[in-house]
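Trainee: The structure follows.
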Amino acid sequence: MSFYEIIEDITADAGIRVRAKSLEELFCKAILATFNEITDIEKVSKDKKVELEVQGELPYLLADAINQLLVLHEKEKLIISHCERVEFKEDGVKLMLKGGTFDPERHPSKLVIKAATYHRLKVEKLEDGYLAEVIFDI
69 MSFYEIIEDI TADAGIRVRA KSLEELFCKA ILATFNEITD IEKVSKDKKV
119 ELEVQGELPY LLADAINQLL VLHEKEKLII SHCERVEFKE DGVKLMLKGG
169 TFDPERHPSK LVIKAATYHR LKVEKLEDGY LAEVIFDI
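Numbering (my numbering), first residue to last: 69 to 206.
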């Protein structure tokens, strides 16, 4: 998928770099990029709705949101494959997402992502939009 880049200069972990026109789009792309590193999200259904509210401040809010979704992945084998809406609130963010259940018969395994870390975590406002970098513990 071309909506994100892999961060190459990491020895034991993995990472993504995402650019977007808005902060909402940045969160969507970062979440989808995370799950695309787990499996090919284009092959995953969108039959399960997920609403998630996360409290915190940038840039930690992004890692915390990803980590809560990774917990759902671990517990329920949920793969997020579509981002419906991101709403920023005074104390955090509300995410409306869709996805499906990971099935190793149909979905190729890529990385096993344990968590998004605060190490080198970045959410920056640029002249033409936003940039995020997230490093994963694998």
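For glycine and all other residues, C-beta sits at the position ideal for the given N, C-alpha and C.
Name the one or two DSSP bridge partners that Q123 has.
Mentor: Within the sequence shown, residue 123 is the residue found at index 55, counting from 1. DSSP lists G160 as partners of Q123.
Trainee: Under DSSP, the alpha helix (DSSP H) around E93 begins and ends at which residues?
Mentor: Indexing the sequence shown from 1 puts residue 93 at position 25. Unbroken alpha helix (DSSP H) run through E93: 91 to 104.
Trainee: First and last residue of the alpha helix (DSSP H) that includes I134?
Mentor: The residue you call residue 134 lines up with position 66 of the sequence shown. Element bounds for I134: 128 to 144.
Trainee: What's the gap between the Cα of F204 and the Cα of A184?
Mentor: As a first step, residue 204 is located in the sequence shown; it is residue number 136 there, counting from the start. As a first step, residue 184 is located in the sequence shown; it is residue number 116 there, counting from the start. Cα-Cα distance, rounded: 4 Å.
Trainee: Sort K89, L179, Y198, L126 by Cα distance to D159 and report the nearest one.
Mentor: Against the sequence shown, residue 159 aligns to sequence position 91. Selected option, being the one with the closest Cα: L126.
Trainee: Distance check for S177 and R85, CA to CA, integer angstroms please.
Mentor: Residue 85 sits at position 17 when you count from the first residue of the sequence shown. Residue 177 sits at position 109 when you count from the first residue of the sequence shown. Distance between the alpha carbons of R85 and S177: 21 Å.
Trainee: Would DSSP call E110 helix, strand or coil?
Mentor: For this step, residue 110 is matched to residue 42 along the sequence shown. Helix at E110.
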